[in-house]
Amino acid sequence: MKSLEELQKIKERALQRRKLAGEGARARIIVAMGTTGIAVGARDTMTAILRELEKRGIGDVVVTQTGSAGMSTYEPVVQVQVGEGELVTYGNIDASRVPTLIEKHILGGEVVADWLVR
Amino acid sequence: MAYRANILINRDAAGAEAVYKAFLEALQDVALRDEVQVWMTSSVSTSAQGVEAIVYPDSVRYVNLTPEDAVRITEEHLLKGRPVLALTQAEPKVTPLPPPAPKEVRVVLRNVGKINPFDIEDYIAEDGYAALAKVLTTMTPEQVLDVMKTSGLRGRGGAGFPTHLKWTFARNSPTHPKYIICNGDEGDPGAFMNRSVLEGDPHAVIEGMIIAAYVIGAEQGYFYVRAEYPIAIRTLRVALQQAREYGFLGKNIFGSGFDFDLEIRMGAGAFVCGEETALMRSIEGQRGMPSTRPPFPAVAGLWQRPTNINNVETYANVPQILLKGGAWFASMGTEKSKGTKTFAIAGKVKRTGLIEVPLGVTLREIVYDIGGGILNDKKFKAVQTGGPMGGCIPTKYLDMPIDYESLASVGSIMGSGGFVVMDEDTCMVDIARFFMDFAQEESCGKCVPCRVGTRRMLDILNNICAGRGKPGDIEMLQTLGRSTSNGALCGLGKGAPNPVLSTIEHFRAEYEAHIYEKKCPAKVCRALIEYKVDPDLCIGCTRCARNCPVNAIAGKPKEKHVIDPNVCIRCGICKQVCPVNAISIY
Chain A
258 MKSLEELQKI
268 KERALQRRKL
278 AGEGARARII
288 VAMGTTGIAV
298 GARDTMTAIL
308 RELEKRGIGD
318 VVVTQTGSAG
328 MSTYEPVVQV
338 QVGEGELVTY
348 GNIDASRVPT
358 LIEKHILGGE
368 VVADWLVR
Chain B
224 MAYRANILIN
234 RDAAGAEAVY
244 KAFLEALQDV
254 ALRDEVQVWM
264 TSSVSTSAQG
274 VEAIVYPDSV
284 RYVNLTPEDA
294 VRITEEHLLK
304 GRPVLALTQA
314 EPKVTPLPPP
324 APKEVRVVLR
334 NVGKINPFDI
344 EDYIAEDGYA
354 ALAKVLTTMT
364 PEQVLDVMKT
374 SGLRGRGGAG
384 FPTHLKWTFA
394 RNSPTHPKYI
404 ICNGDEGDPG
414 AFMNRSVLEG
424 DPHAVIEGMI
434 IAAYVIGAEQ
444 GYFYVRAEYP
454 IAIRTLRVAL
464 QQAREYGFLG
474 KNIFGSGFDF
484 DLEIRMGAGA
494 FVCGEETALM
504 RSIEGQRGMP
514 STRPPFPAVA
524 GLWQRPTNIN
534 NVETYANVPQ
544 ILLKGGAWFA
554 SMGTEKSKGT
564 KTFAIAGKVK
574 RTGLIEVPLG
584 VTLREIVYDI
594 GGGILNDKKF
604 KAVQTGGPMG
614 GCIPTKYLDM
624 PIDYESLASV
634 GSIMGSGGFV
644 VMDEDTCMVD
654 IARFFMDFAQ
664 EESCGKCVPC
674 RVGTRRMLDI
684 LNNICAGRGK
694 PGDIEMLQTL
704 GRSTSNGALC
714 GLGKGAPNPV
724 LSTIEHFRAE
734 YEAHIYEKKC
744 PAKVCRALIE
754 YKVDPDLCIG
764 CTRCARNCPV
774 NAIAGKPKEK
784 HVIDPNVCIR
794 CGICKQVCPV
804 NAISIY
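Have a look at this one:
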């Protein structure tokens with residue numbers, strides 16, 4: 258890192274990458290994978306998400322991870338964004354809830370209201 | 224004359240009058256004044272949504288009306304016979320997701336749960352390393368210290384020493400080389416604030432450390448993280464590697480001529496290694512035991528060189544302060560304690576987890592507004608702040624604003640931010656015994672007051688809980704507590720008596736009940752309680768007798784059962800399995 262300009266360029270690149278359209282993706286799924294999340298099954302949730310997407314042949318969904326933000330009662334926490342829509346936070350998403358979540362929210366574009374973190 | 228339609232408007236809504244007049248005028252304009260009658264009525268529906276109108280005989284209900292809508296309804300619905308569907312329902316309610324909790328302000332945790340910790344560019348997208356760039360390209364170390372001074376940031380490890388002073392001392396030490404240490408040895412039971420930051424936003428801590436290194440003139444830094452945090456360590460390793468690749472660590476950072484690098488050292492699980500002098504011995508490869516201060520680390524720390532040691536949370540605050548200014552940070556908090564603080568809420572609250580609030584919020588706001596209140600709607604009894612060295616704060620201080628001084632004034636400490644909530648079913652003597660057990664176990668044994676004091680206090684507490692308490696025990700605990708606190712070498716021994724002393728001060732009656740009446744008011748201490756079957760309720764189903772692990776319950780089917788207190792081990796299984804709640808604790 259040599260200069261401010263270099264940093265600025267990386268920042269712009271990173272912001273650009275965040276836009277789903279830039280990646281050619283239809284949706285984004287973020288799994289909270291801190292110790293608290295993993296302790297109650299975030300790894301299984303992550304695996305289930307990847308498997309479900311593969312099974313349905315969905316290749317244009319970005320799946321990433323993040324830290325656990327503190328909502329311990331709601332772990333595993335999964336955030337979903339479809340298109341340039343709102344980033345929605347779901348709580349208690351164990352592996353068994355993944356197929357429904359993907360079917361309803363990613364494919365159907367419908368927020369699963371019962372699972373939202375409130 | 225019969226009207227062909229009637230419009231009913233609710234008069235109690237604001238603006239109803241204007242809508243009423245607009246209807247009359249619009250009807251006049253389309254020459255329907257004689258065919259349609261307009262009424263002002265009381266509410267037309269149970270869930271009032273602004274000015275509402277119902278058009279009969281079609282029974283179409285319009286909501287949130289403005290005078291313009293009245294014109295539109297008149298022209299479309301009444302003249303052309305097409306109900307204006309767009310106005311018939313409230314706008315589809317878009318409820319944006321609430322922030323984690325309304326009273327929270329996230330500075331340290333701003334990126335946690337938001338960015339990908341394994342991608343440095345995701346951090347850069349959130350203005351990451353912009354503070355470092357600003358510092359290295361435009362500011363002198365003195366200017367940085369000025370900003371830190373204005374911010375009023377105090378050490379988040381618990382002691383609350385002003386950060387800018389610590390940095391100044393290390394900077395003014397003449398010896399070289401100098402070192403930077405990040406204390407990530409978060410050992411308090413139930414506390415995981417630092418872990419979340421290290422796992423969720425490692426670069427914020429790294430950036431803060433680089434800035435501190437620039438200020439004091441250090442070229443080498445260490446992360447001291449406990450080995451019980453494998454995910455934090457893995458995240459940190461990746462983060463350090465990426466920071467090196469991008470040139471935030473290494474030689475000539477931002478072309479300023481400043482060199483700095485960081486290494487990770489893992490703690491082996493000793494609680495006392497969170498104490499700064501013990502921590503430095505541990506990094507050196509020696510046994511982790513505290514040493515007397517002075518000399519302070521700023522003068523002779525790691526390898527007897529000037530060292531600045533701060534907590535994870537302290538460093539994580541630094542980049543934000545330098546980006547947004549000291550005044551911004553100082554605008555949050557109380558007079559002497561600025562900014563925000565993370566707390567790990569555990570215990571008997573509905574929503575446990577991690578929160579970040581501006582200092583100065585009250586305990587009540589944390590317990591009830593953020594924590595959601597006590598589990599099963601029981602009664603609040605006390606909150607224990609600051610980990611095992613903190614005190615228990617009773618109900619009467621619920622409305623006390625939290626800062627370093629106020630917590631100290633009621634016999635507790637800020638600590639690193641543990642926050643254990645207790646309800647009416649918690650025995651305060653048992654809690655004091657639990658924490659003393661922890662402190663005694665973790666005492667390194669170097670100094671006599673801590674080694675012997677904690678042991679003796681634990682013995683007395685064990686006796687009291689076992690029903691062997693005797694007159695004078697309370698006074699002995701107080702004497703021992705004070706001398707341990709005064710005589711101990713480090714914070715562990717100085718703080719260990721806090722839970723005992725504060726529970727004696729605020730809950731003395733419970734100690735007295737244990738000692739003199741041999742009763743545990745909260746019905747927790749096994750030696751002081753007795754399970755009994757209520758003969759009026761018992762239906763003789765034998766379930767308790769069949770489940771009792773020690774066969775302490777006698778009784779035939781359809782007959783009243785009896786528990787033999789001399790055999791009973793007070794495990795509570797009978798109470799759990801009884802279908803008619805006939806078993807109670809006395």
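Chains A and B are the protein sequences, given in the same order. Take the first sequence: its position 25, counted from the start at 1, is 282 in this note's numbering, and no numbers get skipped. Take the second sequence: its position 132, counted from the start at 1, is 355 in this note's numbering, and no numbers get skipped. Glycine residues also receive a C-beta, built at the ideal position from the N, C-alpha and C atoms.
Spatial distance of residue i from residue j (CA atoms)
i	j	result
leucine 261 (chain A)	alanine 356 (chain B)	6 angstroms
lysine 259 (chain A)	aspartate 317 (chain A)	36 angstroms
valine 785 (chain B)	histidine 737 (chain B)	26 angstroms
glycine 692 (chain B)	tyrosine 739 (chain B)	8 angstroms
lysine 312 (chain A)	alanine 309 (chain B)	41 angstroms
glutamine 338 (chain A)	isoleucine 363 (chain A)	8 angstroms
valine 286 (chain B)	alanine 276 (chain B)	7 angstroms
threonine 318 (chain B)	serine 505 (chain B)	Because threonine 318 (chain B) carries a pLDDT of 40, less than 50, the predicted location of this residue cannot be relied on, and the following value inherits that uncertainty. Distance between the alpha carbons of threonine 318 (chain B) and serine 505 (chain B) is about 52 angstroms.
valine 420 (chain B)	glutamate 536 (chain B)	8 angstroms
glutamate 733 (chain B)	histidine 399 (chain B)	56 angstroms
asparagine 804 (chain B)	cysteine 794 (chain B)	16 angstroms
valine 319 (chain A)	arginine 285 (chain A)	5 angstroms
Host alpha helix (DSSP H) of residue i (start-end)
i	result
cysteine 676 (chain B)	A small fix is needed here, since residue 676 (chain B) is glycine in this sequence, not cysteine. 671-688 is the span of the alpha helix (DSSP H), which, as asked, contains glycine 676 (chain B).
glutamine 265 (chain A)	261-275
asparagine 709 (chain B)	696-710
aspartate 660 (chain B)	651-665
glycine 549 (chain B)	549-553
Which of helix, strand or coil DSSP assigns to residue i
i	result
cysteine 405 (chain B)	strand
phenylalanine 415 (chain B)	coil
serine 807 (chain B)	strand
alanine 324 (chain B)	Below a pLDDT of 50, predicted positions are generally treated as unreliable, and alanine 324 (chain B), at 47, falls in that range; no measurement from the model is reported.
glutamate 343 (chain A)	coil
glycine 378 (chain B)	coil
asparagine 233 (chain B)	strand
glutamine 509 (chain B)	coil
glutamate 367 (chain A)	coil
glutamine 465 (chain B)	helix
asparagine 770 (chain B)	helix
cysteine 764 (chain B)	coil
arginine 793 (chain B)	coil
aspartate 351 (chain A)	coil
isoleucine 338 (chain B)	coil
Residue interval of the beta strand (DSSP E) (run including residue i)
i	result
isoleucine 579 (chain B)	The residue asked about is misnamed: residue 579 (chain B) is glutamate in this sequence, not isoleucine. Start and end: 576-581.
glutamate 291 (chain B)	Element bounds for glutamate 291 (chain B): not the beta strand (DSSP E) but the alpha helix (DSSP H), 290-296.
leucine 525 (chain B)	Segment: none, leucine 525 (chain B) is in no beta strand (DSSP E) and carries neither H nor E.
glycine 473 (chain B)	473-476
glutamate 486 (chain B)	481-490
isoleucine 727 (chain B)	Counting along the chain, isoleucine 727 (chain B) falls outside any beta strand (DSSP E), though it belongs to the alpha helix (DSSP H) covering 721-735.
8 angstroms Cβ cut-off: residues of chain B touching residue i
i	result
leucine 272 (chain A)	Ala348
isoleucine 267 (chain A)	Glu344, Ile347 and Tyr469
isoleucine 286 (chain A)	In chain order: nothing, as chain B lies at least about 12 angstroms away.
Within chain A, partners of residue i - CB distance below 9 angstroms
i	result
glycine 778 (chain B)	By Cβ distance, chain A contributes nothing, its closest Cβ being about 41 angstroms from glycine 778 (chain B), past 9 angstroms.
threonine 575 (chain B)	Ser329 and Thr330
Chain-ordered neighbours of residue i on chain B, where CB pairs are closer than 9 angstroms
i	result
glutamine 322 (chain A)	Asn339, Pro340 and Phe341
arginine 295 (chain A)	Strictly speaking, residue 295 (chain A) in this sequence is isoleucine, with arginine absent from that position. Under the 9 angstroms cutoff, chain B gives Ile454.
serine 260 (chain A)	Ala356, Thr360, Phe477 and Gly478
threonine 292 (chain A)	Phe415, Arg418, Ser419, Glu422, Tyr452, Pro453, Ile454 and Ala455
arginine 275 (chain A)	Asp345 and Ala348
Neighbour list for residue i in chain A, Cβ cutoff strictly below 8 angstroms
i	result
aspartate 646 (chain B)	By Cβ distance, chain A contributes nothing, its closest Cβ being about 17 angstroms from aspartate 646 (chain B), past 8 angstroms.
isoleucine 578 (chain B)	Gly327
Beta-carbon neighbours of residue i, restricted to chain A and to distances below 7 angstroms
i	result
phenylalanine 483 (chain B)	Near phenylalanine 483 (chain B) there are no residues of chain A at all, since even the closest Cβ is about 12 angstroms away, more than 7 angstroms.
leucine 546 (chain B)	What leucine 546 (chain B) touches in chain A: nothing, since even the nearest Cβ is about 13 angstroms away.
tyrosine 352 (chain B)	Leu264
Requested in this report: Report yes or no: do three or more beta-carbon pairs, one from the stretch 353-369 of chain A and one from the stretch 237-257 of chain B, lie closer than 8 angstroms?
Outcome: no
Query raised in the report: Are the stretch 635-649 of chain B and the stretch 676-687 of chain B touching by the rule of at least three beta carbon pairs closer than 8 angstroms?
Result: no
Query raised in the report: Does the count of Cβ pairs from the stretch 395-409 of chain B and the stretch 430-450 of chain B closer than 8 angstroms reach three?
Result: yes
Query raised in the report: Any contact of the stretch 549-563 of chain B with the stretch 581-594 of chain B, i.e. 3+ C-beta pairs under 8 angstroms?
Result: yes
Query raised in the report: Does the stretch 471-488 of chain B come within contact of the stretch 379-398 of chain B, defined as at least 3 CB pairs closer than 8 angstroms?
Result: no
Query raised in the report: Do the stretch 665-673 of chain B and the stretch 501-519 of chain B make contact, defined as three or more Cβ pairs closer than 8 angstroms?
Result: yes
Query raised in the report: Touch check for the stretch 703-722 of chain B and the stretch 741-758 of chain B: three-plus C-beta pairs under 8 angstroms?
Result: no
Report task. For the stretch 286-297 of chain B and the stretch 245-255 of chain B, state whether three or more C-beta atom pairs, one from each stretch, are separated by less than 8 angstroms. Result -> yes
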